[in-house]
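The structure appears below as structure tokens.
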Amino acid sequence: MRPVDAGAGNGMRERLNYAWRVIATGLSFLSFGIGGVILWLLVFPLLSLLVRDLEVRSQKARAIIHRSFALFIGFMHRMGVLTYEIRGAERLERRGLLVLANHPTLIDVVFLVSLIPNADCVVKSRLATNPFTRGPVRATRYICNDNGAGLIEDCIASLRSGKNLIIFPEGTRTPRTGPATLQRGAANIAVRGLRDITPVIIRCSPPTLSKGEKWYRVPSRRFHVSIEVREDMPVAPFLAGTSEAQAARKLTEHLTGYFDLERPIASA
Numbered sequence: 001m002r003p004v005d006a007g008a009g010n011g012m013r014e015r016l017n018y019a020w021r022v023i024a025t026g027l028s029f030l031s032f033g034i035g036g037v038i039l040w041l042l043v044f045p046l047l048s049l050l051v052r053d054l055e056v057r058s059q060k061a062r063a064i065i066h067r068s069f070a071l072f073i074g075f076m077h078r079m080g081v082l083t084y085e086i087r088g089a090e091r092l093e094r095r096g097l098l099v100l101a102n103h104p105t106l107i108d109v110v111f112l113v114s115l116i117p118n119a120d121c122v123v124k125s126r127l128a129t130n131p132f133t134r135g136p137v138r139a140t141r142y143i144c145n146d147n148g149a150g151l152i153e154d155c156i157a158s159l160r161s162g163k164n165l166i167i168f169p170e171g172t173r174t175p176r177t178g179p180a181t182l183q184r185g186a187a188n189i190a191v192r193g194l195r196d197i198t199p200v201i202i203r204c205s206p207p208t209l210s211k212g213e214k215w216y217r218v219p220s221r222r223f224h225v226s227i228e229v230r231e232d233m234p235v236a237p238f239l240a241g242t243s244e245a246q247a248a249r250k251l252t253e254h255l256t257g258y259f260d261l262e263r264p265i266a267s268a
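Going by full-length UniProt numbering, the residue at position 202 of the sequence shown is 202; the numbering climbs one at a time, nothing skipped.
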């Protein structure tokens, strides 16, 4: 009998596993797009007919997205695309939270919205016209970032109404190398709205779905997402004896170091 080549067998299994994860990742994003269109064309129009009050309707729409995103994460897990762990999730069950997170992957917002009840987000304005995302963005009345000077006030109003606001202070996905650059908007919301910050650290290993990376460039193994919800960061110390503008600048510098320190070294 010819001896079995264990190495060749393992190599074949690895190639088949890789091919499956490419297919499963494609199916996951396809299901996300189809789900968005179904919500836009069927679910949210029906919701509009059944619920006339605009605020109640948008709250119910946010609840639908909350559950839909949880189903999507579960689908990716069951398909073998990813694994995940959440630490400190109970801290997200409060109202009026200003949640600031780093942004290593494309699906960070999906994870956070799936974990946070009544979540509000600052989203790019083009998502309000994209056929796959326009339904959820409009129905939930997420805050679009094209409001200029009124953006900060819109965010503060969202927090005061009891919604939990998710913001990625970098404004884009975290680069794998080089220092992270935070915009001052998140700090201005905290300072002017007198809101403590609930920081969230997101890690992804191996790195994938980062800025400029194609979805089909899947890593060599299933990627693991770790989400850690930290203790609140008080904003009062940054306001002591200084102006709001100076406090926002100091807070932005602190947050830049905070998130950059927690960023793991990229691994293949």
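Even glycine gets a Cβ: it sits at the ideal position worked out from N, Cα and C.
Enclosing alpha helix (DSSP H) for residue i [first to last residue]
| i | result |
| --- | --- |
| L112 | 108 to 115 |
| D154 | 151 to 160 |
| residue 279 | Because the chain is modelled from 1 through 268, residue 279 falls outside the range shown and cannot be assessed. |
| F238 | 236 to 239 |
According to DSSP, residues forming a beta bridge with residue i
| i | result |
| --- | --- |
| L100 | I167, P199 |
| F223 | L82 |
| I143 | V122 |
| S205 | H224 |
Coarse secondary structure for residue i, derived from DSSP in three states
| i | result |
| --- | --- |
| V229 | strand |
| S28 | helix |
| R94 | coil |
| R67 | helix |
| R87 | strand |
| W215 | coil |
| S58 | helix |
| F259 | helix |
| P175 | coil |
| Q183 | coil |
| F72 | helix |
| T252 | helix |
| L16 | helix |
| N10 | helix |
| P131 | coil |
| residue 347 | Lying outside 1 to 268, the shown extent of the chain, residue 347 is not represented and no answer is given. |
Limits of the unbroken beta strand (DSSP E) element including residue i
| i | result |
| --- | --- |
| L122 | Note that residue 122 corresponds to Val in the displayed sequence, not to Leu. First-last of the beta strand (DSSP E) with V122: 119 to 123. |
Nonlocal neighbours in the same chain, by C-beta distance under 7 Å from residue i, ignoring five residues either side
| i | result |
| --- | --- |
| T140 | S58, A61, R62, I65 |
| G171 | Q183 |
Chain C within 8 Å of residue i, Cβ atoms only
| i | result |
| --- | --- |
| F32 | Going by chain labels, chain C is absent from the structure shown, which holds only one protein chain. |
Own chain, CB closer than 8 Å to residue i, minus 5 neighbours either side, in chain order
| i | result |
| --- | --- |
| L151 | V122, I143, N145, G185 |
| V37 | P131, F132, G135 |
| G162 | R95, G96, N118 |
Neighbourhood of residue i by C-beta, 6 Å cutoff - its chain only, sequence neighbours within 5 removed
| i | result |
| --- | --- |
| L97 | N164, T198 |
| F69 | V110, V113, S114 |
| R91 | V229 |
| L251 | A187, F238 |
| N17 | none |
| Y84 | V225 |
Whole-angstrom C-beta distance between residue j and residue i, which should lie under 8 Å
| i | j | result |
| --- | --- | --- |
| residue 327 | I202 | Residue 327 falls outside the range modelled here, since the chain spans only 1 to 268, and no answer is possible. |
| P175 | K211 | 7 Å |
| V191 | E244 | 5 Å |
| A180 | A248 | Not confirmed; about 17 Å, so no contact. |
| V200 | L82 | Not a contact, Cβ separation roughly 17 Å. |
| L255 | P169 | 6 Å |
| L209 | L106 | 4 Å |
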